[in-house]
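S.K.: Protein chains in written order, with our numbering: chain A, 2 to 183; chain B, 12 to 262. Pasting a structure below so you can have a look.
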Amino acid sequence: MTFLQAFLVSTISCALLCLLTSLLLQVQKQRRRGWHNLVADLYRLDMVELSAIAIDYLTPRGNQIDIEPKEIWEFLGGYQGLRKMRENAETMLALAAYAQRWNFAEAVIVTERMRLDAATLRRAVRHVELGLIPSKMLRRYQMTIPLHAQEAASAYYLMRQRLLALYGTSHAGLYPKLATAL
Amino acid sequence: MLDWVLWAGFFLGDAALFSILLYRSRSREFPVFTTLVGMGAASEVARFTIFLYGSHLWYARVYWSYYFLDFVLQLGVVWEIARIVMRPTGSWLRDARRQFILGGAAGVLLAAALSWMLSPPTSNHFDLLVARCDLFLNLVVCELFVVMLLTAKRLGLGFRNHVFSLVVGWSGWVIVATMVDLLQSYYSSNHIFDLMDNLGKSAYLAALVYWMIQFWLEEPARQEISPELRDYILALHNQVKNDLDRVKEQR
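Structure (structure tokens):
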């Protein structure tokens, strides 16, 4: 076995083993997190501006070009804002699954719907990330980036609304803290 | 002497775990894993008997037949775990199965390439083949677990106690076994080779003990999904799939 072969086999195999160990630890950590830990992990986002952008996308009315693409990008907090939305989406899914403990049937349906919204959100953020690469290289503003960001914001908005509605109807005790955190 | 102890340990461990899986009715949820463990116990007896009273030829035949069957069943167990984790409501989540299969296929190719590159300083072709097959199998299982855990994390899927214990025990064993395979490919000394071999076997024994404890314990009861609810979820998945197909066609 040549040195290069040995190096490749060892490096890739060890990287795989480390990745597997790290994923297992993450899953174990996730399993041990209680409801309050989950809520504490949520990032605070400006929901006033985010809601305005999402509603503009979800319920089209007259003057659909009222909000400029650059404004959408700024209101959502740019790429950092999108990253926070993506991470919050994971936590919100865990919170929806948590509600299955006391409101099984509704929580199962809501979790499934939220999973589909989360898939839309991730796909839109991925489009933004792909769009940012040529945008940075060519130093030219890509008009499609804010449009995908708006799609992500609308999916996030739907997830949040579904989660709040689920807790609002089934657990009045936890609802206020969740509403404040979101 | 240590080899004999380990051999007896494998048989006793597999037989005890098999009994627990049947007695505590875990075989309903994990039929392939139960088959694998039961077959492991049976093969230990068969190989031990042939080793004492049979010929080398028959030992090799039984060894390779079991090796192939074991490989297929191990892949079956990974599929079984993936089915449990990625079908929380009884139907596959959109994209989950496709991602798992695509990721798994890529993992098999990578494992095949890495195993082919491995050439331990062994004296014969048989040992070389065994070393490559062992590494291939361990890497495939390791990669499939990585793909499954990544997909589950991305989709926000949780693991229940038994299935998580199965993944943890198996991963621990596979990690040690892969390290052993890699180290054995560098060291030709018989003493170190045997030491590593026994380390890998001990990791399997530890996994067996861990599974015995975990599968004996009960996990929180799962609420059953009614047929109406399952139909609704299925319709929801189909509707989303149809909508997406329509959007793709329009593009």
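All C-beta atoms, glycine included, are put in the ideal place defined by N, C-alpha and C.
Assign P147(A) to one of three DSSP states: helix, strand, or coil.
M.R.: Here the question's residue 147(A) lines up with position 146 in the first sequence. Helix at P147(A).
S.K.: Under DSSP, the alpha helix (DSSP H) around Y197(B) begins and ends at which residues?
M.R.: Indexing the second sequence from 1 puts residue 197(B) at position 186. Counting along the chain, Y197(B) falls outside any alpha helix (DSSP H), and DSSP gives it neither H nor E.
S.K.: Indicate whether V109(A) and A97(A) have their beta-carbon atoms separated by less than 7 Å.
M.R.: As a position in the first sequence, residue 109(A) is number 108, starting the count at 1. As a position in the first sequence, residue 97(A) is number 96, starting the count at 1. Contact: no.
S.K.: Taking only beta carbons into account, state which residues of the stretch 82-111 of chain A come closer than 7 Å to chain B, listed in chain order.
M.R.: The residues in question are E91, L94, A95, A98, F105, A106, V109 and I110.
S.K.: Should W184(B) be labelled buried (16 or more other beta-carbon atoms within 10 Å of its own) or exposed?
M.R.: Position 173 of the second sequence, counted from the first residue, corresponds to residue 184(B). It counts as buried.
S.K.: Can the beta-carbon of F156(B) be found less than 7 Å from the beta-carbon of S196(B)?
M.R.: As a position in the second sequence, residue 156(B) is number 145, starting the count at 1. As a position in the second sequence, residue 196(B) is number 185, starting the count at 1. No.
S.K.: Since A180(A) contacts L165(A) with CB under 8 Å, what's their CB separation in whole angstroms?
M.R.: Within the first sequence, residue 180(A) is the residue found at index 179, counting from 1. Within the first sequence, residue 165(A) is the residue found at index 164, counting from 1. Their Cβ separation, rounded to whole angstroms, is 6 Å, which keeps A180(A) and L165(A) in contact under 8 Å.
S.K.: Check each candidate in I92(B), F82(B) and W90(B) and name the one with the smallest Cα separation from V141(B).
M.R.: The residue given as residue 141(B) occupies position 130 in the second sequence. Closest option to V141(B), Cα to Cα, is F82(B).
S.K.: Can you list, in chain order, the residues of its chain whose CB lies under 8 Å from that of F170(B), leaving out five sequence neighbours each side?
M.R.: Working through the second sequence from its first residue, we reach residue 170(B) at position 159. Cβ within range, chain order: V96, A163 and V178.
S.K.: Taking just the CA atoms, how far does T46(B) sit from I224(B)?
M.R.: Residue 224(B) sits at position 213 when you count from the first residue of the second sequence. Residue 46(B) sits at position 35 when you count from the first residue of the second sequence. The alpha-carbon atoms of I224(B) and T46(B) are separated by roughly 19 Å.
S.K.: Go ahead and pull the three-state DSSP assignment for Y44(A).
M.R.: Taking the first residue of the first sequence as 1, we reach residue 44(A) at position 43. Of the three classes helix, strand and coil, the one that applies to Y44(A) here is coil, per DSSP.
S.K.: Whose Cβ in chain B lies nearer than 9 Å to the Cβ of I134(A)?
M.R.: Here the question's residue 134(A) lines up with position 133 in the first sequence. Chain B residues near I134(A): none, gap ~21 Å exceeds 9 Å.
S.K.: If we count the other Cβ atoms within 10 Å of its Cβ and call it buried at 16 or more, is Q261(B) buried or exposed?
M.R.: Numbered from 1 along the second sequence, position 250 holds the residue referred to as residue 261(B). The predicted model places Q261(B) with a pLDDT of 49, which falls under 50 and marks its position as unreliable, so this point remains unresolved.
S.K.: Just how far apart, CA to CA, sit R34(A) and R58(B)?
M.R.: Taking the first residue of the first sequence as position 1, residue 34(A) is located at position 33. Taking the first residue of the second sequence as position 1, residue 58(B) is located at position 47. Those two C-alpha atoms are separated by around 46 Å.
S.K.: Three or more beta-carbon pairs under 8 Å between the stretch 36-52 of chain A and the stretch 13-32 of chain B, yes or no?
M.R.: No contact exists between the stretch 36-52 of chain A and the stretch 13-32 of chain B.
S.K.: Name the chain B residues that come within less than 8 Å of R127(A), Cβ to Cβ?
M.R.: Within the first sequence, residue 127(A) is the residue found at index 126, counting from 1. What R127(A) touches in chain B: nothing, since even the nearest Cβ is about 11 Å away.
S.K.: For the stretch 30-53 of chain B, list every residue whose C-beta sits within 8 Å of some C-beta in chain A, in sequence order.
M.R.: Those residues of the stretch 30-53 of chain B that come within reach of chain A (Cβ to Cβ, closer than 8 Å) do not exist; the list is empty.
S.K.: Within the same chain, show all residues whose beta-carbon is closer than 7 Å to that of E230(B), passing over the 5 residues directly before and after it, in chain order.
M.R.: Sequence index remark: in the second sequence, residue 230(B) carries index 219 (1-based). Closer than 7 Å at the Cβ level, and outside the excluded window around E230(B), lie R171, N172 and H173.
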